[in-house]
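Heads up, the thing below is written out as structure tokens.
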Amino acid sequence: MIRARSVIPIALAAAWFALASPQPSRGADQLLAPRTASAFRVRTVDGRTLELAALLERGPVLLDFWATWCKPCIASMPELQALHTRWAQRGLTVIGISEDGPRNASKVRPFASRLGLGYAIVL
């Protein structure tokens, strides 16, 4: 009886560790294939109209979805600006698409200006 009492907790602990162990990460062959974005036309916060088809004729387009309250988004913006500065002349277009929504639209333009973002920002 004493032996059974000590085996059950050990078995439960082993089962818990087996089930709680991290799942193996996906390999590169299991990742989702890139997809082409649907055609779209947007207006930037400074009033310009951008059309995806026209931009793609010049080169690749990088779409960055972000928000003023998203710390990781904000942390990535200097790198996106560096990509824009370095590769815009070779055809790369960087577009920052704000997820802040209509209530916070008035915050987006000053926010982007304060960070010195030179790439297109849309709502």
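Quick note on full-length UniProt numbering: the sequence shown kicks off at 1 and runs consecutively. Beta carbons: idealized from backbone N, C-alpha and C, even for Gly. Computed from a predicted model, the values in this text were never measured in an experiment.
Cβ-based burial, leucine 80 [other Cβ within 10 Å; buried from 16]: The residue you call residue 80 lines up with position 80 of the sequence shown. Looking at its Cβ environment, which holds 16 or more other Cβ atoms inside 10 Å, leucine 80 is buried.
Beta-carbon contacts of glutamate 51 that lie in its chain and below 6 angstroms, excluding the five residues immediately before and after: Locating residue 51 in the sequence shown gives position 51, counting from the first residue. Cβ within range, chain order: Arg41.
Identified DSSP bridge partners for residue 126: The question about residue 126 has no answer here: the residues shown for the chain are numbered 1 through 123.
For serine 38 and arginine 118, the rounded distance between their alpha carbons: Numbered from its first residue, the sequence shown carries residue 118 at position 118. Numbered from its first residue, the sequence shown carries residue 38 at position 38. It is worth fixing the name first, because residue 118 is glycine in this sequence and not arginine. For glycine 118 and serine 38, the distance between alpha carbons rounds to 24 angstroms.
Test item: CB-CB of cysteine 73 and alanine 67 under 7 angstroms: The count along the sequence shown starts at 1 and reaches residue 73 at position 73. The count along the sequence shown starts at 1 and reaches residue 67 at position 67. Yes, Cβ-Cβ distance for cysteine 73 and alanine 67 is below 7 angstroms.
Residue environment, phenylalanine 65, which counts as buried when at least 16 other CB atoms sit within 10 Å: Sequence index remark: in the sequence shown, residue 65 carries index 65 (1-based). Its Cβ having fewer than 16 others within 10 Å, phenylalanine 65 is exposed.
Option in Met77, Asp100, Val94 with minimal Cα separation from arginine 58: By one-based count along the sequence shown, residue 58 stands at place 58. Considering only alpha carbons, the answer is Val94.
Rounded separation between valine 108 and alanine 120 - CA only: Counted from its first residue, the sequence shown places residue 108 at position 108. Counted from its first residue, the sequence shown places residue 120 at position 120. Their Cα atoms are separated by approximately 12 angstroms.
Proximity of serine 106 and leucine 123 at Cβ, strictly below 7 angstroms: Here residue 106 refers to the residue found at position 106 when the sequence shown is read from its first residue. Here residue 123 refers to the residue found at position 123 when the sequence shown is read from its first residue. No. Outside cutoff.
CA-to-CA distance, valine 45 to lysine 71, given in whole angstroms: Within the sequence shown, numbered from 1, the residue matching residue 71 stands at position 71. Within the sequence shown, numbered from 1, the residue matching residue 45 stands at position 45. Cα-Cα distance, rounded: 21 angstroms.
Reference residue 125, options Pro60, Arg48, Thr36, Ala53, closest by Cα: Since the first residue shown for the chain is 1 and the last is 123, residue 125 is missing from the structure and cannot be characterised.
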